[in-house]
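Participant:
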Amino acid sequence: MAQLLDTPIEYLKGVGPQRGEILRKEAKIFTFRDLLHYFPFRYIDRTKFHAVRDVPATEGYVQLKGRISGVTVTGAGRGKRLNAKFTDGSGVVDLVWFQGVKYIQGSLNPAKTYILFGKAKLFGGKWSVPHPELEVFEENTAAGKQLQPVYPSGEKMSAKGLNSKGIEKLTRTLFEHITVAIPDYFPPDFLQKNNLIDRNTALRNIHFPSGPAMAEKARFRLKFEELFFLQLELIIRKEIGKQRNKSFVFTEVGHTFLDFYENYLPFPLTNAQKRVIKEIRSDFHTGSQMNRLLQGDVGSGKTVVALLTMLIAVGNGYQTALMAPTEILANQHYLSLKEMVKDMPVRIELLTGSTKAAARKELHAGLESGEIHILVGTHALLEPKVKFKNLGYAVIDEQHRFGVAQRAKFWKKNTLPPHILVMTATPIPRTLAMSFYGDLDVSVIDELPPGRKPVSTVHYFESQRLKVFGFIEEEIRKGRQVYIVYPLISESETLDYQNLMQGYEAITRRFPLPDYKVSVVHGQMKAEDKDWEMARFVNGETQIMVATTVIEVGVNVPNASVMIIESSERFGLSQLHQLRGRVGRGAEQSYCILMSGNKLSNEAKTRLSTMCATNDGFRIAEVDLELRGPGDIMGTQQSGILDLQIADLAKDGQILTIARATAFELVEKDPQLAEAQHAGIRKKLNQQLKGKPNWSKIA
Ligand code: ADP
Ligand code: MG
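Counted from 1, the sequence shown has number 205 at position 205 by UniProt numbering; the numbering is strictly sequential.
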């Protein structure tokens, strides 16, 4: 069987070199096996028909059963048309062909009953179906072909006869070759327990279902299988990682932590923060490396969790690092951490791309002697010349900006790999978190610090700008500060930059000196200018900050109460949510104003109305997943593991949950998959792992 399925696709009857080329290029079908796994995305029910009378009320495709009459040819040359009437007794609809006139005319038979499939259109006040699919109706064949598969195809494929029908034909030919049952990976008990049909039945019925219920069962089985093996891979990698990666044991909470907790903690922790700190503490005891993802919405208080857990490491005699994706953010972390431990004997330093050579030298020395306890910085931390005496724990903030390979560099900075905490403010829907971080442990801060008022969000059009300016003025009068953010999207960078500068000028005209002061920050400025402008806003010297999304991540100015997002229709949902998270950090009511042009795509409308409707980051992430699909959300870097054939992470969360639980159960019972009944599962998993990098090493 395996041998047959490995046969190159061009050797299938009806394919050959030319179509083989198209199948490889357009559909990634290289072998018989790939064709077997090229699934239809829907079925046409050959037993259900619309009445011709209802055609005008039906949107989309119609399926009719009736007879053809009045076949005539009109026009000549390029204007040549074939016209006919189609009736089922309930009404009449026109049929029209612009091409293949002669051939089709010859094939139409008024004595026969046809099944028609097509899309009705209104032409000059009359309904007609252009180029319908026609098939002679035969009582007995229709019964066996109740559900006809519809396969994905495209123009290039269709041009070579590989439209849905063409693929269907090839698939039927393939099944003629498959004379024995396709073997299963799962043992019979497993199938029964999980309510799955066997693989042979599933593969035959996904293509040619014996009825709607079987189509559903086949789909479920194959989705389950796909998600199960994805989860199994992640779980097993994690187990392997735990066994292999010994790490440091922090035996006690330590005096540094306790000193801070008792004397300097600026506010009582939320229950969620306490729970997460406990989870991390217990990881520190195990002797295995911690690889933990900390999810918490913007403003949920991840920073203090990072600090407290770093202080555990420090109290146990280890050094720690905190890496942020931008200089602004690294700087802000540095300042806020330094402020919190200013009366303690803890030395914190900052290292970024703009750290001067002399300072760097001193810093390197301090790291190697162990005098520096906490090093905050950008990816500059990862450079090989940055050497620690004894790095025990690294925290990575906003990890989705860092590549996997970059993260792996921390591992080499000590004799054993340090513990790793990855913090993200982009809430990831559970289905995605399970798939991407199945090899990481996940902690969630699902509670905001007390007293936060939800940000009130409204959507305004350009024509309402004067009103918005009036509102800004009122807020500034009350002593608050305002962000105005412009998109900066690389393809049109120059234009965006012009927009920002024009916006800045308009703002300074409307809010002139000396009453108002405006900061401006964008990516083309020198780091020191950026920092200076940023600092003025943070210190309250300026009331308005005009910026690009460089301020998106992490910046904390509790007195800022208004976030205005210009051209908000150009931002993605998660970016909008991040930006909005910059306000609502103080005790005051805060506002987010989404400005947009008048013409909005449906998707943009959904994004903006979602923002206005909810502040819940997880809800927003789910809408985002539905709109964009998982690949775009997680970035292309990791999308390899999301080459799902049939399952859809946006829709199949429930199946994923079951598949994951089942995979866990299996690994618990038979960690090595050594039992004879699990041989099929083991074999399939090994195939799946072949040629993949060991990412348990680089989590
Ligand atoms: P994020 O999770 O987005 O990184 P931060 O750590 O920046 O959030 O915290 C946001 C704000 O909330 C900061 O001003 C921080 O001092 C404050 N904060 C954090 N935890 C608490 C708490 N338990 N009680 C009150 N304020 C808190
Ligand atoms: Mg943060």
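Built from N, CA and C at the ideal position, the CB exists for glycine as well.
Keep in mind it's a predicted model, so treat the numbers as computed, not measured.
1) Would you mind working out which of R53, R78 and F186 sits nearest H678, comparing C-alpha positions?
2) So which of L36, R219 and G66 has the shortest CA-CA distance to L170?
3) For A560, report the span of its beta strand (DSSP E) as first-last.
4) Measuring only the C-alpha atoms, how far is S90 from H50?
5) Can you find a heavy atom of the ligand ADP that lies under 7 Å from the Cβ of Q273?
6) When we look at the beta-carbon of H522 and count the other beta-carbons within 10 Å, is it buried (16 or more) or exposed?
7) Which residues in the same chain as V667 place their Cβ atom closer than 6 Å to its Cβ, once the five residues preceding and following it in sequence are excluded?
8) Which residue comes first and which comes last in the beta strand (DSSP E) that contains L64?
9) Can you list, in chain order, the residues of its chain with a C-beta nearer than 8 Å to that of D88? Leave out the 5 residues immediately preceding and following it.
10) Along the alpha helix (DSSP H) that carries S609, what are the first and last residues, could you check?
11) Three-state secondary structure (DSSP) at H207?
12) I think F32 touches L12, with their Cβ atoms under 8 Å apart; what is that distance to the nearest whole Å?
13) How close, in whole Å, do the beta carbons of S69 and K85 come, if the pair is a contact with beta carbons under 8 Å?
14) So what's A142 in DSSP terms, helix, strand or just coil?
15) Starting from the C-beta of A272, find all residues in its chain whose C-beta is less than 6 Å away, skip the five residues before and the five after it, and write them out in chain order.
16) In the DSSP assignment, find the beta strand (DSSP E) that holds S288 and state where it starts and stops.
17) Can you round the beta-carbon distance between Y114 and V136 to whole angstroms, since I take them to be within the 8 Å contact cut?
18) Write down the C-beta distance between L322 and D397 rounded to the nearest angstrom, noting that I regard them as a contact closer than 8 Å.
19) Looking only at its chain, what residues have a beta carbon closer than 6 Å to the beta carbon of C592, apart from the 5 residues adjacent to it on each side?
20) Per the contact definition of three or more C-beta pairs closer than 8 Å, is the segment 477 to 487 in contact with the segment 566 to 581?
21) Heavy atom of the ligand MG less than 7 Å from the Cβ of D397, yes or no?
22) Taking Cβ to Cβ, would you say P449 is nearer than 8 Å to F208?
23) What alpha helix (DSSP H) runs, 4 residues minimum, are completely inside the segment 297 to 362?
24) How many Å lie between A159 and K599 at the Cα?
25) Distance, Cα to Cα, T549 vs M525?
26) If we call anything under 8 Å between Cβ atoms a contact, is F117 one with P132?
27) Is the distance from the Cβ of L5 to the Cβ of L685 below 8 Å?
28) Using the DSSP secondary-structure output, state which residues sit across from F86 in a beta bridge.
29) Given 7 Å as the limit, tell me if G540 has its C-beta closer than that to any heavy atom belonging to the ligand ADP.
30) In or out: N205 buried (at least 16 other Cβ within 10 Å) or exposed?
31) Just to check, is the beta-carbon of K302 closer than 7 Å to a non-hydrogen atom of the ligand MG?
32) According to DSSP, simplified to helix, strand and coil, what is M423?
33) Pick helix, strand or coil for L108, following the three-state DSSP scheme.
34) Looking at the ligand MG, does it come within less than 7 Å of A425, judged from the CB to the closest heavy atom?
35) Measuring straight from C-alpha to C-alpha, what distance separates E603 and D624?
36) Could you check where the beta strand (DSSP E) with A159 kicks off and where it finishes?
Facilitator: This is what the structure holds:
1) Taking the sequence shown and counting its residues from 1, one reaches residue 678 at position 678. When only C-alpha atoms are compared, the closest one is F186.
2) As a first step, residue 170 is located in the sequence shown; it is residue number 170 there, counting from the start. Taking only the C-alpha atoms, the option nearest L170 is L36.
3) Here the question's residue 560 lines up with position 560 in the sequence shown. In the DSSP assignment, A560 falls within the beta strand (DSSP E) that extends over A560 to I565.
4) Indexing the sequence shown from 1 puts residue 90 at position 90. Indexing the sequence shown from 1 puts residue 50 at position 50. When only Cα atoms are considered, S90 and H50 end up about 10 Å apart.
5) What you label residue 273 is simply residue 273 of the sequence shown in a count that begins at 1. Answer for Q273: yes, Cβ within range of the ligand ADP.
6) Taking the first residue of the sequence shown as 1, we reach residue 522 at position 522. Buried, because 16 or more other Cβ atoms sit within 10 Å of the Cβ of H522.
7) Looking up residue 667 in the sequence shown gives position 667. For V667, where only same-chain residues beyond five positions count, the Cβ hits under 6 Å are I235.
8) As a working note, residue 64 is residue 64 in the sequence shown. From DSSP, the beta strand (DSSP E) with L64 extends over Y61 to T74.
9) Sequence index remark: in the sequence shown, residue 88 carries index 88 (1-based). So the list reads F49, A51, V52, L64, K65, G66 and R67, once near-sequence residues are dropped.
10) On the sequence shown, residue 609 is found 609 positions in, with the first residue counted as 1. From DSSP, the alpha helix (DSSP H) with S609 extends over N602 to A613.
11) Mapped onto the sequence shown, residue 207 falls at position 207. Of the three classes helix, strand and coil, the one that applies to H207 here is helix, per DSSP.
12) For this step, residue 32 is matched to residue 32 along the sequence shown. For this step, residue 12 is matched to residue 12 along the sequence shown. Contact holds; Cβ gap of about 6 Å.
13) Walking along the sequence shown from the start, residue 69 turns up at place 69. Walking along the sequence shown from the start, residue 85 turns up at place 85. Going by Cβ atoms, the distance from S69 to K85 rounds to 5 Å, so yes, they are a contact pair.
14) As a working note, residue 142 is residue 142 in the sequence shown. Reliability fails at A142, whose pLDDT of 47 lies under 50, so the model's placement of it is uncertain and the value that follows must be treated cautiously. Helix, per DSSP.
15) Residue 272 sits at position 272 when you count from the first residue of the sequence shown. I445, D446 and E447.
16) Numbered from 1 along the sequence shown, position 288 holds the residue referred to as residue 288. Counting along the chain, S288 falls outside any beta strand (DSSP E), and DSSP gives it neither H nor E.
17) Translated into the one-based positions of the sequence shown, residue 114 becomes position 114. Translated into the one-based positions of the sequence shown, residue 136 becomes position 136. Correct: roughly 6 Å between the Cβ atoms.
18) Reading the sequence shown from its first residue, position 322 is the one you call residue 322. Reading the sequence shown from its first residue, position 397 is the one you call residue 397. Rounded, the Cβ-Cβ distance is 7 Å, consistent with contact.
19) Position 592 of the sequence shown, counting from 1, holds the residue named residue 592. Sequence-distant partners of C592 (beyond 5 residues in either direction) whose C-beta falls short of 6 Å from its own C-beta, in its chain, are V455, T457, M563 and R580.
20) yes
21) Taking the first residue of the sequence shown as 1, we reach residue 397 at position 397. Because some heavy atom of the ligand MG lies under 7 Å away, the Cβ of D397 counts as near it: yes.
22) Counting from 1 along the sequence shown, the entry for residue 449 is found at position 449. Counting from 1 along the sequence shown, the entry for residue 208 is found at position 208. It is not a contact, given that the beta carbons lie outside the stated cut-off.
23) 302 to 315 and 327 to 340
24) For the purposes of this step, residue 159 is taken as the residue at position 159 of the sequence shown. For the purposes of this step, residue 599 is taken as the residue at position 599 of the sequence shown. Taking the straight line joining both Cα atoms gives about 36 Å.
25) For the purposes of this step, residue 549 is taken as residue 549 along the sequence shown, with counting starting at 1. For the purposes of this step, residue 525 is taken as residue 525 along the sequence shown, with counting starting at 1. Whole-angstrom Cα-Cα distance: 13 Å.
26) Within the sequence shown, residue 117 is the residue found at index 117, counting from 1. Within the sequence shown, residue 132 is the residue found at index 132, counting from 1. It is a contact, given that the beta carbons lie within the stated cut-off.
27) In the sequence shown, counting from the first residue as 1, residue 5 sits at position 5. In the sequence shown, counting from the first residue as 1, residue 685 sits at position 685. No; because the gap between Cβ atoms is not below 8 Å, this pair is not in contact.
28) Taking the first residue of the sequence shown as position 1, residue 86 is located at position 86. Beta-bridge partners assigned by DSSP to F86: I68 and V93.
29) Within the sequence shown, residue 540 is the residue found at index 540, counting from 1. No, the ligand ADP has no heavy atom inside 7 Å of this Cβ.
30) The sequence position of residue 205 within the sequence shown is 205, counting from 1. It is buried - the Cβ of N205 has at least 16 other Cβ atoms within 10 Å.
31) Along the sequence shown, one-based indexing puts residue 302 at 302. Because some heavy atom of the ligand MG lies under 7 Å away, the Cβ of K302 counts as near it: yes.
32) As a working note, residue 423 is residue 423 in the sequence shown. In this structure, M423 counts as strand in the three-state DSSP scheme.
33) As a working mapping, residue 108 is identified with position 108 in the sequence shown. Residue state for L108 is assigned as coil, using DSSP reduced to three classes.
34) Residue mapping note: residue 425 aligns to position 425 of the sequence shown, counting from 1. Answer for A425: yes, Cβ within range of the ligand MG.
35) Position 603 of the sequence shown, counting from 1, holds the residue named residue 603. Position 624 of the sequence shown, counting from 1, holds the residue named residue 624. So the alpha carbons of these two residues sit roughly 10 Å apart.
36) In the sequence shown, residue 159 corresponds to position 159, counting from 1. Not the beta strand (DSSP E): A159 falls in the alpha helix (DSSP H), residues E155 to A159.
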